[in-house]
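Student: What follows is a structure written as structure tokens; I'll ask about it next.
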Amino acid sequence: MKFLHSITFRVTLWYLAILGVMMVLLGIGVYVTLSNRLYHHLDVSLKERAEHLSEFRDVLSIIAGGMFEDQAGEYITFYYYEGNRLKHIAPKDNVFPMTREVIDRVLSGETLFENVDIPQKGLFRVLISSFTPDNPVVRPDQFRRERQQPNYERRRDGGFKSPPRRDDRPNRPPPPDYKERYDPRMKVTSAALVIARPTKDIESVLRQLFHILVIAIPLTLLLAGGGGIFLAHRALTPVKRISDTARQIEESDLSRRIDVRTKDELGFLAETLNQMIERLENAFKRQKEFTSDASHELRGPLAVIQAEASLSLRKAREPQEYKKTLKVISGEAERMAFLTNQLLELARMDADKEPDVSESINLKEFLQNICSDITILCQEKNLELQTHLLSQVQIKGDRKSLQRMFFNILNNAIKYTKEGGTIRLALEEKDHMAEVSISDTGIGIQKESLPYIFERFYRVDKARSRSEGGSGLGLSICKQIIDVHKGRIDVNSQMGKGSTFTIKLPIITN
Ligand code: ADP
0 MKFLHSITFR VTLWYLAILG VMMVLLGIGV YVTLSNRLYH HLDVSLKERA
50 EHLSEFRDVL SIIAGGMFED QAGEYITFYY YEGNRLKHIA PKDNVFPMTR
100 EVIDRVLSGE TLFENVDIPQ KGLFRVLISS FTPDNPVVRP DQFRRERQQP
150 NYERRRDGGF KSPPRRDDRP NRPPPPDYKE RYDPRMKVTS AALVIARPTK
200 DIESVLRQLF HILVIAIPLT LLLAGGGGIF LAHRALTPVK RISDTARQIE
250 ESDLSRRIDV RTKDELGFLA ETLNQMIERL ENAFKRQKEF TSDASHELRG
300 PLAVIQAEAS LSLRKAREPQ EYKKTLKVIS GEAERMAFLT NQLLELARMD
350 ADKEPDVSES INLKEFLQNI CSDITILCQE KNLELQTHLL SQVQIKGDRK
400 SLQRMFFNIL NNAIKYTKEG GTIRLALEEK DHMAEVSISD TGIGIQKESL
450 PYIFERFYRV DKARSRSEGG SGLGLSICKQ IIDVHKGRID VNSQMGKGST
500 FTIKLPIITN
């Protein structure tokens, strides 16, 4: 039952159906062509025979005189009208029967080829054509005496004795019924010539061919079916292996790979599926890490809140002490709120609820506005803020998310730069892109960490980042916002000297 639903079975069935139809059509074609050729050949030879007879002098007299030697199995009959009566002349009186209607048609000018089945004699191919004798007066007696073959005798010297002279030959009596049928003075001006030849040779060849086809076609289909099942089964074995492996792969075990190494389409499919499984494995891994990192991040402030609260509840405390505890609790709650907001934001972007990035924005003005907020933060930390906004460029984007992105990077620059340092914000147009670079003279990022800083929860120095209020999510959110705006972000950094973040965004060209 399972086999009946398999591709192997269906492919083989289709293949057999097509092959079967083709073979039957081919068989019919061969049979019909051969049959036509053979009958055509026979018809040509019947025509030649008719032409030959028409060239025969006094053919009717010869036949009537019984001197005509017909070919084996062949029937020759001349039909003619005497008054209203249909009469015939045939060698040895072997008359081939014909209907008056056919004879009339031929006498009126038609030439016919027909297949006639004579009981006990079999099938005949018959040519019926009109015949005009060269000598209308039929004289059977003229040829009657010539019926006997000349009697050649071998002489002693190896030659032949000449046949006996006409007068010496025995004068045989005419056949008993001869006079009744042939009037020596009869006149035949037009006749219908009927030449019939048995088709048993053709029929036997065609029968043989039919038998060969009847045996060969099913046999070929049987062999082709067996071969088809074998080949289809072989060809589809890798598919089974792919589906078996795919069934074994579970969410928890995405490390398995499909073991099909062929260089064909199935090998390509297996490779594509393996790449997909690898991507899924990485995605699941990232999701797992993300969940554990997120819970870890949330557990920290929660533990602090819990500890602070239970410690202060242990005994009665001074209002000052309660104030201090509440301040700590409030700070941790704030951290948690901040983290939860960031997580929510990421989740929203992951769920494809991307911001609408169709608003046209003048980037120079936009960055100038952000600078006014940042200036206060810089002043707080005694940092110099340099701005080099050289180009007037228009971009398309979402104002809110772009603001968050630039603010995050500038805030990082402030966070990781010691007092007295410099923050530089520049805007240029390069290769039809708006290029915004944010540089600082801060602590820098070590080379090994650079490839990971855009990953979620990645922090170069966990303790330091935490104390600065960082969660390790800021840059990954920035990267996601830039991706949505079809831009890119690069970072260059030197330990102890500072870092430069370069953001490229496509500009609107008129
Ligand atoms: P965080 O909230 O911890 O700052 P981010 O995703 O914004 O997280 O940054 C990831 C890490 O990259 C930070 O922990 C920090 O170590 C490093 N980093 C980011 N910006 C700078 C910078 N301007 N200078 C030095 N280190 C930086």
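In numbering that gives the first Met the number 0, the protein residues as written are 0 to 509.
Glycine included, each C-beta is placed from N, C-alpha and C at the ideal position.
Give the single residue among Asn491, Lys485, His51, Tyr457 whose Cα lies nearest to the Cα of Lys503.
Tutor: Residue Lys485 is the option with its Cα nearest to Lys503.
Student: Which ranges would you report for the beta strand (DSSP E) in the region 474 to 506 if only whole runs of at least 3 residues count?
Tutor: Within the region 474 to 506, the complete beta strand (DSSP E) runs of at least 3 residues are 487 to 493, 497 to 505.
Student: Are the beta-carbon atoms of Leu45 and Ile194 separated by less than 8 Å?
Tutor: Yes, they are a contact pair.
Student: Look at the alpha carbon of Phe8 and the alpha carbon of Asp258, and state the distance between them as a whole number of angstroms.
Tutor: The alpha-carbon atoms of Phe8 and Asp258 are separated by roughly 25 Å.
Student: Where Ser294 and Met348 are concerned, what is the direct C-alpha to C-alpha distance, given to the nearest angstrom?
Tutor: Roughly 20 Å separates the two Cα atoms.
Student: Taking 8 Å as the limit between beta carbons, can you name the residues of its chain near Lys511, skipping five residues before and five after?
Tutor: Since the displayed the chain opens at 0 and closes at 509, residue 511 lies outside it and no answer follows.
Student: If you reduce the DSSP assignment to three classes, tell me which class Met97 lands in.
Tutor: Coil.
Student: Taking DSSP as the reference, what is the three-state secondary structure of Ala302?
Tutor: If DSSP states are grouped into helix, strand and coil, Ala302 belongs with the helices.
Student: Run the CB neighbour count on Glu331, radius 10 Å, all protein chains shown included, and call it buried at 16 or more, exposed below.
Tutor: Buried: at least 16 other Cβ atoms inside 10 Å.
Student: Over the uninterrupted beta strand (DSSP E) stretch that includes Lys395, give me the two end residues.
Tutor: Per DSSP, Lys395 belongs to the beta strand (DSSP E) from 393 to 396.
Student: Suppose the cutoff is 8 Å on Cβ atoms and the five residues either side in sequence are ignored; what does the same chain contact list for Thr244 look like?
Tutor: The residues are Arg255, Arg256, Ile257, Asp258.
Student: Shorter than 7 Å, the distance from the beta carbon of Ser470 to the closest heavy atom of the ligand ADP, or not?
Tutor: True, at least one ligand heavy atom lies under 7 Å from that Cβ.
Student: Please indicate yes or no: does the CB of Ser5 lie closer than 7 Å to some heavy atom of the ligand ADP?
Tutor: It does not: the Cβ of Ser5 is nowhere closer than 7 Å to a heavy atom of the ligand ADP.
Student: Throw me the rounded Cβ distance for the Arg99 and Asn114 pair, which I believe falls under 8 Å.
Tutor: Not a contact, Cβ separation roughly 19 Å.
Student: Can you tell me whether Gly108 is buried or exposed? The criterion is at least 16 other CB atoms within 10 Å of its CB, across all chains shown.
Tutor: It is exposed - the Cβ of Gly108 has fewer than 16 other Cβ atoms within 10 Å.
Student: Considering only their Cβ atoms, is the gap separating Ile444 from Ser390 smaller than 8 Å?
Tutor: It is not a contact, given that the beta carbons lie outside the stated cut-off.
Student: Following the continuous beta strand (DSSP E) through Ala195, name the residue where it begins and the one where it ends.
Tutor: Where Ala195 is concerned, the enclosing beta strand (DSSP E) stretches over 190 to 197.
Student: In this structure, does DSSP put Ile75 in helix, strand or coil?
Tutor: Three-state result, Ile75: strand.
Student: Which term fits Glu447, buried or exposed, when burial requires 16 or more other beta carbons within 10 angstroms of its beta carbon?
Tutor: Its Cβ having fewer than 16 others within 10 Å, Glu447 is exposed.
Student: Would the region 407 to 414 count as touching the region 433 to 441 if we require 3 or more Cβ pairs under 8 Å?
Tutor: With a cut-off of 8 Å, the region 433 to 441 and the region 407 to 414 count as touching, because enough Cβ pairs lie within range.
Student: Who are the near neighbours of Gly157 in its chain, counting only those whose CB is closer than 7 Å to its CB and skipping five residues on each side?
Tutor: Low confidence applies to Gly157: its pLDDT is 49, below 50, so where it sits in the model is not reliable, and the reading given next is rough at best. Excluding sequence neighbours, Gly157 sits near nothing in its chain.
Student: Which whole-angstrom value is the C-beta distance of Leu12 and Leu220, which I expect to be below 8 Å?
Tutor: Not really, about 11 Å apart at Cβ, beyond 8 Å.
Student: Can you determine whether any heavy atom of the ligand ADP sits closer than 7 Å to the C-beta of Asp439, and answer yes or no?
Tutor: Asp439 Cβ: within cutoff of the ligand ADP.
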